[in-house]
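The numbering used here numbers the first residue of the sequence shown as 26 and each following residue consecutively.
For reference, the structure discussed in these notes is given below.
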Amino acid sequence: MSQDIPEEKHLPTEQGDAHHGAVAVADDPFADPGLPVHKPRIQDIDERAAKRSERTVAMLFTLSMLATVAFIASYVIFPVDKIVYIFPIGKVSALNFALGMTLGTALFCIGAGAVHWARTLMSDVEVAAERHEIAAPPEVKAQVLQDFRDGAQESGIARRPLIRNTLLGALAMLPLSAVMIMRDLGPLPEDKLRKTLWAKGKLLINQNTMEPLRPEDVLVGSLTFAMPEGLDEHQHDFQVQIAKAALMIVRIQPDDIKDKQELEWSHDGIVAYSKICTHVGCPISLYEQQTHHVLCPCHQSTFDLSDGARVIFGPAGHALPQLRIGVNDEGFLEALGDFEEPVGPAFWERG
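Here it is in structure tokens:
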């Protein structure tokens with residue numbers, strides 16, 4: 026069975042071998058084509074054009090500096106919760122939008138200025154170099170250093186101070202953006218960790234009944250949780266404040282209290298201690314009335330409330346802070362001041 030074989034058309038043939046249809050083969054198919062003829066740019070032959078390019082590059086670097094300043098100003102001007110409408114994006118955070126636009130502009134202008142500088146003012150003569158071993162001989166290293174110096178000279182950075190100064194200014198100011206971003210690590214603690222809402226004269230409010238406590242409301246062997254007067258569960262910072270001011274109240278027979286200061290700061294055997302564990306800040310909720318021990322449910326730190334709430338077991342680092350209490354003229358339990366040491370876990374400012 027025969028098959029039709031398509032004819033080869035338009036195949037080049039070697040001269041004198043047309044009868045056999047042989048394809049012409051070049052002598053060296055991988056011959057080096059060489060470098061194209063160098064064509065000078067307008068900046069190479071017209072100093073006015075070179076000056077225009079220089080001003081353009083300087084303008085881009087200057088815009089980068091201004092954008093960096095705007096980035097820093099945005100941190101100060103725009104509040105974190107401000108929302109604005111921007112067409113066609115929609116509703117966005119004003120702070121995030123401003124930071125993104127200004128930082129993007131600063132980076133873009135440095136890149137665009139560097140590219141424009143390289144394409145219009147730096148030398149564009151192509152140089153072919155033979156491949157060599159990775160470990161360059163000393164003469165090659167010397168040549169590389171010389172080429173670097175020649176490149177720096179040809180870039181014009183020494184004789185074009187406007188470009189050099191604006192570039193250095195843009196690169197020097199850009200890291201300030203990273204410094205400003207550190208603000209998002211959180212506000213400085215200042216002395217917030219040392220203070221709570223407890224103050225002299227503030228009533229002890231029962232967290233279950235939301236009523237002020239009287240001494241007769243606290244029975245021997247009971248555990249009562251309290252918070253300072255004026256704190257409302259509907260306040261926006263309630264969780265922040267209660268995390269520092271949460272209080273647990275127990276009544277111990279005065280003869281069973283071993284610590285002298287604890288006895289002086291109590292009222293008729295009623296002692297008030299921070300509810301926040303000094304290990305990692307878990308709320309303490311387990312009380313053993315026979316031993317007067319309280320147990321943190323997270324990591325089993327145990328404190329003796331009859332002996333200054335000292336640690337008797339577990340990873341907690343120090344005793345629970347005690348709140349000095351008394352009774353006002355109306356017969357309600359009140360605080361006689363704030364805790365005298367920070368509540369909760371130990372931190373670097375403690376001591």
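Glycine included, C-beta positions come from ideal geometry on N, C-alpha and C.
- The straight-line gap separating the alpha-carbon atoms of Ser247 and Lys285 is approximately 22 Å.
- Judged by beta-carbon spacing, Trp223 lies beyond the 8 Å limit of Leu132, meaning their Cβ atoms are not closer than that value.
- CA-CA distance, Phe55 to Ala153, rounds to 16 Å.
- With a beta-carbon spacing of about 4 Å, Pro237 and Phe357 fall inside the 8 Å limit used to define contacts.
- Three or more beta-carbon pairs separated by less than 8 Å are not found between the stretch 111 to 118 and the stretch 209 to 219, which leaves the two stretches without contact.
- For Phe96, the enclosing alpha helix (DSSP H) begins and ends at Glu72 to Ile102.
- The alpha-carbon separation between Thr234 and Lys107 amounts to approximately 38 Å.
- Assignment of beta-bridge partners to Asn231 by DSSP yields Ala251.
- Three or more Cβ pairs closer than 8 Å define a contact, and the stretch 319 to 335 falls short of that threshold against the stretch 187 to 202.
- Boundaries of the alpha helix (DSSP H) harbouring Leu132: Ala119 to Thr145, taken from the DSSP string.
- For Arg276, the uninterrupted beta strand (DSSP E) segment begins and ends at Leu272 to Arg276.
- The shortest C-alpha to C-alpha distance from Met252 to any of Met273, Asp262, Arg239 and Val245 is the one to Met273.
- Ser78 and Leu146 have their C-alpha atoms spaced approximately 7 Å apart.
- Between the C-alpha atoms of Ile182 and Gly136 there is a straight-line separation of about 16 Å.
- When Cβ pairs closer than 8 Å are counted between the two stretches, the stretch 57 to 70 is seen not to touch the stretch 169 to 177, the count staying below three.
- Within 10 angstroms of the beta-carbon of Leu210 lie fewer than 16 other beta-carbons, which makes it exposed.
- The closest CA to that of Lys300, considering only Ile188, Val368, Gly59 and Val336, is found on Val368.
- In this structure Leu244 touches Arg276 by the C-beta definition: roughly 6 Å separates them, less than 8 Å.
- Around the Cβ of Gln278, a 10 Å sphere holds fewer than 16 other Cβ atoms; the residue is exposed.
- The closest CA to that of Gly129, considering only Ala203, Tyr312 and Thr191, is found on Ala203.
- A residue is called buried once 16 or more other Cβ atoms fall within 10 Å of its Cβ, and Gly59, having fewer, is exposed.
- DSSP places Val150 in no beta strand (DSSP E); its state is neither H nor E.
- With distances taken between CA atoms, Arg184 lies nearest to Ala75 out of Ala360, Leu256, Pro340 and Ala75.
- Membership of Thr191 in the alpha helix (DSSP H) is indicated by the continuous run Pro186 to Met198.
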